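Heads up: the structure comes next, in structure tokens.
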Amino acid sequence: MKQIFQISIFLLLTTYVFGQQVPREMVILEIGAGTWCTYCPGAAMGADDLLANGCSVAVVENHNGDPFANQYSNARNSFYAITGYPTAIFDG
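In structure tokens form, the structure reads like this:
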């Protein structure tokens, strides 16, 4: 009887946890960029095209080595180990 009770509690908890899943709404696009980068405006235009065409995407540009860089963008660039710019990462 105790085992049946434990199994039923387990099933109720898993149903509760998996029943709370939020449906996915957006794709995250992170772009490693810099104002000194020759090809970075092309990557930004590609991200703008995604937005203009109604794609559900959230764009974040992580700058490096320019006035737009900050501790958070530097941390993300280090996390992804970006060595070449521009670099686009989807759902990283």
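Here the sequence shown is numbered in our numbering, starting from 3 and rising by one per residue. Virtual Cβ for every residue (Gly too), placed ideally from N, Cα, C. Owing to the predicted nature of the structure, the values given are computational and were not obtained by experimental measurement.
For residue 2, three-class secondary structure by DSSP:
Only positions 3 to 94 of the chain appear in this structure, which leaves residue 2 out of reach.
Look at the alpha carbon of residue 69 and the alpha carbon of residue 86, and state the distance between them as a whole number of angstroms.
Locating residue 69 in the sequence shown gives position 67, counting from the first residue. Locating residue 86 in the sequence shown gives position 84, counting from the first residue. Looking at the two C-alpha atoms, the distance is approximately 19 Å.
Under the rule that 16 or more other beta-carbon atoms within 10 Å means buried, what is residue 31, buried or exposed?
The residue given as residue 31 occupies position 29 in the sequence shown. It is buried - the Cβ of residue 31 has at least 16 other Cβ atoms within 10 Å.
Indicate whether the contact test is met: 3 or more Cβ pairs, each with one atom in the segment 35-45 and one in the segment 61-68, closer than 8 Å.
yes
Out of 61, 27 and 10, state which residue places its alpha-carbon closest to the alpha-carbon of residue 45.
Your numbering for residue 45 matches position 43 in the sequence shown. Cα-wise, what sits closest to residue 45 is 61.
If you follow the alpha helix (DSSP H) that residue 49 is part of, which residue opens it and which one closes it?
Residue mapping note: residue 49 aligns to position 47 of the sequence shown, counting from 1. Note, residue 49: alpha helix (DSSP H), 42-54.
Inter-residue Cα distance where the pair is residue 25 and residue 4
What you label residue 25 is simply residue 23 of the sequence shown in a count that begins at 1. What you label residue 4 is simply residue 2 of the sequence shown in a count that begins at 1. Roughly 36 Å between the two C-alpha positions.
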